[in-house]
Amino acid sequence: MDKLPSYTQATGQRSRKSRLFLFLSLCCVSISTLLLSLFGSNLTQESIQLPLHARQIVQKCQQLNAKPGPPSDFHSRTQSDRFEHGTRPTLLRNASIWTGNDVGKEVIRADILLDRGIIKFIGHARQSLVDGYEDLVSVDVSGSWVTPGIVDLHSHLGVGSAPSLKGSSDTNSRKGPILPWLRSLDGLNTHDEAYRLSISGGVTTANVLPGSANAIGGQAFVIKLRSTDERSPSSMLLEPPFTINGSVVDPTLPPRWRQMKQACGENPSRVYGATRMDNIWAFRQAYDTARKIKESQDNYCSKALAGQWRDLGDFPEDLQWEALVDVLRGRVKIHTHCYEAVDLDGLVRLSNEFQFPIAAFHHAHETYLVPDLLKQAYGHTPAAAIFATNARYKREAYRGSEFAARILADNGIDVVMKSDHPVLNSRYLLFEAQQAHFYGLPAHLALSAVTSTSARVMGQDHRIGFIREGYDADVVVWDSHPLSLGAAPKQVWIDGIPQLESPYVSEKPASVQKVPTTPNFDKETAAAVEYDGLPPLAPVRSKSGFVVFANISSVFARTGGEIQQVYSATDSSDGVVVVKDGILVCHGAHSSCLSDLAAAGDAEWIDLEGGSISPGLTTFGSPLGLEEIQGEASTQDGYVLDPLSQDIPDILAGHELIRAVDGLQFATRDALIAYRAGVTAAVVAPKSRGFLSGLSTVLATGAAHKLEKGAVIQDVAAIHIAIGHGGLSISTQIAALRRILLDSHGHAQFSALAKGGIPLVVEVQNADIIASLISLKKEFEQHTGGTLTLTLVGAAEAHLLAKEIGEAGIGVILTPARAFPGDWESKRILPGPPLTKDSAITTLLAHGVTVGVGIEEQWSARNTRFDVAWAALEGDGHITKSQAIALSSINLEKLLGVTSIGGDLVATHGGTLLDLEAKVVSVISSQRGLVDLL
């Protein structure tokens with residue numbers, strides 16, 4: 019690219035002194051070179067002609083080992099290289115500013131002036147400062163929290179675009195394991211729907227990486243997410259290397275950091291059928307090639323700088339390998355996708371063999387188990403860029419721990435929380451920091467993990483990741499403390515330009531305006547390391563038939579088909595709940611339960627310290643209970659055959675539907691983790707890649723095995739199918755469903771649909787298909803005289819037909835709770851605050867629709883409590899705590915035909931089940947007649 023922004027533009031005129039010094043230095047080199055050429059002792063009498071570009075060669079050689087970074091006068095710049103003319107200066111008054119300074123511990127109350135794309139002033143703005151601007155925009159943020167823009171160290175925005183369409187994915191190449199010459203910039207799509215969504219979550223900068231199919235996947239590029247007047251991918255870049263497409267390099271400037279993606283372990287092995295041994299050899303071959311080129315360059319330059327021009331020839335370089343040579347010169351930030359200790363060890367050894375630093379290990383699920391190994395890497399200790407709770411989706415991730423961030427920080431290793439967008443929607447990258455903090459990462463490090471630390475790891479901490487004078491004007495004003503659940507931007511500025519048009523934020527309670535208190539997970543954190551990442555998760559049964567929970571603040575219970583708050587303590591130290599053999603026999607003030615307390619005798623007492631009792635939650639949408647590891651077939655029940663696309667064996671043809679209950683697995687790690695997070699039941703349908711799934715079942719997530727009392731809560735719940743684009747026509751699928759509904763072929767399960775005895779659950783995203791299902795329901799009911807109980811699952815576009823869905827008496831399970839336009843069928847999502855006033859949940863509820871929320875992958879079942887709490891927080895007061903709990907309990911059960919849940923209760927310490935500060939400590943199971951201590 020010929021029009022890259024330069025530091026010269028950013029800083030104005032360089033000082034005369036430095037330029038004069040540089041000029042004289044170059045002159046001296048040229049003169050010295052000429053003299054050596056003419057009078058060197060080893061030269062003959064014949065004259066030697068200097069190469070035509072001798073001066074440029076000398077300059078190149080002098081810069082060969084220069085380290086990247088900003089010029090010394092960078093922060094004296096008066097205008098950003100990304101400044102767009104017409105951008106008005108903005109003064110943010112009365113801000114509570116998390117600056118990122120003092121390792122993230124500094125918080126100040128001040129004003130911030132944004133002008134010409136940079137932060138011009140931080141402090142208490144005097145009138146004289148204001149008077150200096152004619153068109154100043156003044157915004158009183160009234161004490162709101164302000165942070166730097168969120169920086170995503172690991173993203174595939176633009177190369178893994180939304181919606182996903184043929185030809186829109188440029189994440190991975192299949193052309194070989196070693197591809198350092200590829201560049202994510204060359205596949206960057208400016209029309210990705212996710213840019214706008216991610217900005218609405220406060221993300222301002224992303225490091226766009228190639229994928230992980232290759233040992234060396236190529237070069238990554240840092241972008242700002244805002245749209246530009248030029249509308250090109252290149253105009254989105256933040257400090258790209260000067261040498262893109264042969265651009266002329268200013269020798270007076272230090273080079274800029276480059277980014278490179280590497281991967282080890284399972285991914286490249288799976289793609290190329292290689293082993294770990296093959297992958298490491300591929301790395302070594304590649305780096306050996308780069309080392310030879312580097313050595314030949316060094317030898318060449320030692321001669322050039324000594325004036326030995328005879329037969330020197332051209333500078334030795336290879337366009338394919340130049341980026342890897344730069345790695346060996348310490349000018350590239352290496353981002354290595356790496357999970358297990360075996361792979362981490364291999365890359366640490368590689369870094370020392372070829373002497374290059376690694377910026378960060380990404381995903382890095384076992385780094386918390388081997389912190390001392392990371393410290394042996396060449397140059398410096400790599401950071402660990404991790405998920406908060408996303409784990410166990412393949413073997414490499416099986417030992418992932420929610421306590422990894424805390425353990426790494428305790429060992430002095432930099433922690434970065436990243437999205438791997440679209441694996442996780444980067445709009446909610448801040449949620450990763452919130453979870454890391456909940457599980458023990460100190461608040462200042464949690465916020466740094468998505469701002470200043472990530473900026474530093476990618477070599478951009480001289481301009482982003484902090485609120486400092488002279489830094490880029492990338493600023494977010496939040497509606498609550500950024501580590502509180504559901505925190506949303508009131509406004510986002512990138513390069514001083516506001517990004518949210520007419521943002522909507524609801525009023526948040528005072529409780530979320532402060533740093534949440536972290537529960538005590540010391541015991542669990544120690545166990546994660548002690549048991550090599552696989553601590554025992556089975557609950558401990560109470561030793562006594564009587565259990566008394568003391569110092570409770572509230573009790574929520576199932577009452578008359580609803581969730582109601584049946585007790586609220588005026589003084590939390592007075593509230594008690596008495597349980598006998600899993601049955602709640604009394605709740606209320608200590609005085610009102612005196613007789614029951616006396617009868618309890620030697621009861622086991624548990625102090626909840628202001629905690630609460632709530633109904634247990636139910637999860638649906640993932641194969642929880644049918645598989646242990648998503649990527650390992652030997653751990654799964656497998657997929658059912660689909661009658662519309664596959665041949666059904668005679669032994670199955672015309673017989674009963676496949677039942678999930680027959681393939682259940684108990685005591686899986688995700689099920690037990692969910693149980694420890696208050697999810698006591700799971701509804702699961704047979705896994706299917708096509709139209710017909712089968713019959714769902716209901717299991718107790720805390721049960722040890724299938725024959726344990728209460729392990730299978732309900733054998734059959736509902737019939738499940740899926741209708742969508744991508745295979746057979748929608749018309750064909752609707753025709754098949756019509757045939758099922760109007761001609762049951764003697765199937766008892768299909769016949770039950772007409773009697774309303776079992777729900778029909780249809781996975782569907784698109785509003786047009788939903789409209790056809792509404793019409794089909796009416797046709798069925800007119801034809802049979804019965805009532806079809808119909809539930810839509812996924813339903814990303816259901817909000818477009820909220821009125822019609824409500825009138826038709828159809829229920830909706832939003833899966834996931836916060837939609838993402840991952841494909842064309844779910845393109846028209848309702849994003850919710852701050853982009854829209856209403857969310858899909860509030861819109862559907864307003865039209866009388868029974869709404870539940872579900873999940874897509876089983877690892878996220880543990881976060882169900884946060885999903886429903888989040889829905890209430892952005893509901894602008896329209897969703898109470900009781901209604902939020904109902905979204906993943908009685909509502910979900912009603913929509914899925916669950917009638918047998920006996921009413922498990924969950925005890926939380928230090929708050930309610932919906933509070934980010936509360937810890938689940940016990941499950942009270944009336945169905946199994948026990949109290950589990952967690």
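Per this note's numbering: the sequence shown = residues 19 to 952.
No residue lacks a Cβ here, since even glycine has one placed at the ideal position from N, Cα and C.
{"Check": "Pair within 8 Å by beta-carbon distance, isoleucine 859 and alanine 813", "Outcome": "no"}
{"Check": "Stretch pair the stretch 182-197 + the stretch 212-221: three plus CB contacts closer than 8 Å", "Outcome": "no"}
{"Check": "Lysine 78 in three-state terms, based on DSSP", "Outcome": "helix"}
{"Check": "Local conformation of tryptophan 163 per DSSP, three classes", "Outcome": "strand"}
{"Check": "Close-in-space but distant-in-sequence residues of the same chain around glycine 866 (CB under 7 Å, 5 per side omitted)", "Outcome": "Gly824"}
{"Check": "Buried or exposed (CB count within 10 angstroms, at least 16 for buried), alanine 324", "Outcome": "exposed"}
{"Check": "Residues near proline 269 in its chain [Cβ-Cβ closer than 7 Å; skip 5 each side]", "Outcome": "Gln77 and Gln81"}
{"Check": "Those residues which DSSP pairs with leucine 778 across a bridge", "Outcome": "Ile737 and Leu808"}
{"Check": "Residue range of the alpha helix (DSSP H) that includes lysine 310", "Outcome": "294-323"}
{"Check": "Cβ neighbours of leucine 197 in the same chain (closer than 7 Å, five flanking residues each side left out)", "Outcome": "Ser191, Asn232, Ile234, Gly235 and Gly236"}
{"Check": "Enclosing beta strand (DSSP E) for arginine 424 [first to last residue]", "Outcome": "Taken as a continuous stretch (DSSP letters only), arginine 424 belongs to no beta strand (DSSP E), being part of the alpha helix (DSSP H) at 422-428."}
{"Check": "N-terminal and C-terminal residue of the beta strand (DSSP E) that glutamine 583 is part of", "Outcome": "580-586"}
{"Check": "When Arg302, Gly643 and Ala402 are compared against leucine 368, the one with the closest alpha-carbon", "Outcome": "Arg302"}
{"Check": "Close beta carbons around leucine 794, own chain, < 8 Å, minus the five adjacent residues each side", "Outcome": "Ile752, Leu755, Arg756 and Leu759"}
{"Check": "Span of the alpha helix (DSSP H) around glutamate 284", "Outcome": "284-290"}
{"Check": "First and last residue of the uninterrupted alpha helix (DSSP H) at aspartate 885", "Outcome": "882-891"}
{"Check": "Separation of leucine 501 from tyrosine 446, as counted between CA atoms", "Outcome": "12 Å"}
{"Check": "Inside the stretch 824-893 only - alpha helix (DSSP H) runs reaching at least 4 residues", "Outcome": "858-864 and 882-891"}
{"Check": "Complete beta strand (DSSP E) runs within the stretch 183-269 (minimum length 3 residues, chain order)", "Outcome": "221-226 and 234-242"}
{"Check": "Simplified DSSP state of glycine 606, which is helix, strand or coil", "Outcome": "strand"}
{"Check": "Close-in-space but distant-in-sequence residues of the same chain around threonine 471 (CB under 6 Å, 5 per side omitted)", "Outcome": "Asp432 and Val434"}
{"Check": "Beta-carbon gap between isoleucine 515 and threonine 222 smaller than 8 Å", "Outcome": "no"}
{"Check": "Selection from Pro86, Asp688, Thr698 and Glu799 that minimises the alpha carbon distance to glutamine 478", "Outcome": "Pro86"}
{"Check": "Contacts around glycine 929, its chain only, beta-carbon distance under 6 Å, and the 5 residues preceding and following it disregarded", "Outcome": "Glu935 and Ala936"}
{"Check": "Buried/exposed call for serine 202, threshold 16 Cβ in 10 Å", "Outcome": "buried"}
{"Check": "Which residues DSSP lists as bridging arginine 677, in chain order", "Outcome": "Leu713"}
{"Check": "Rounded distance between the beta-carbons of alanine 491 and isoleucine 136, thought under 8 Å", "Outcome": "6 Å"}
{"Check": "Endpoints, beta strand (DSSP E) assigned at phenylalanine 564", "Outcome": "564-577"}
{"Check": "Candidates Phe139, Ala224, Val565 and Trp327: closest to serine 943 by CA position", "Outcome": "Val565"}
{"Check": "CB-CB length for proline 641 against lysine 705, believed under 8 Å", "Outcome": "5 Å"}
{"Check": "Span of the alpha helix (DSSP H), counted from its first residue to its last, around proline 389", "Outcome": "389-392"}
{"Check": "Selected residue, minimal CA-CA separation from threonine 105, among Leu154, Ser907, Val148 and Phe139", "Outcome": "Leu154"}
{"Check": "At least 3 beta-carbon pairs within less than 8 Å: the stretch 334-346 vs the stretch 288-302", "Outcome": "no"}
{"Check": "Cβ shell of leucine 44 (< 6 Å), same chain only, five flanking positions each side left out", "Outcome": "Its pLDDT being 47, under 50, leucine 44 is placed unreliably in this model, and the coordinates cannot settle the point."}
{"Check": "Beta carbon of aspartate 922 nearer than 8 Å to that of glutamine 901", "Outcome": "no"}
{"Check": "Sub-8 Å separation of alanine 925 and leucine 626 beta-carbons", "Outcome": "yes"}
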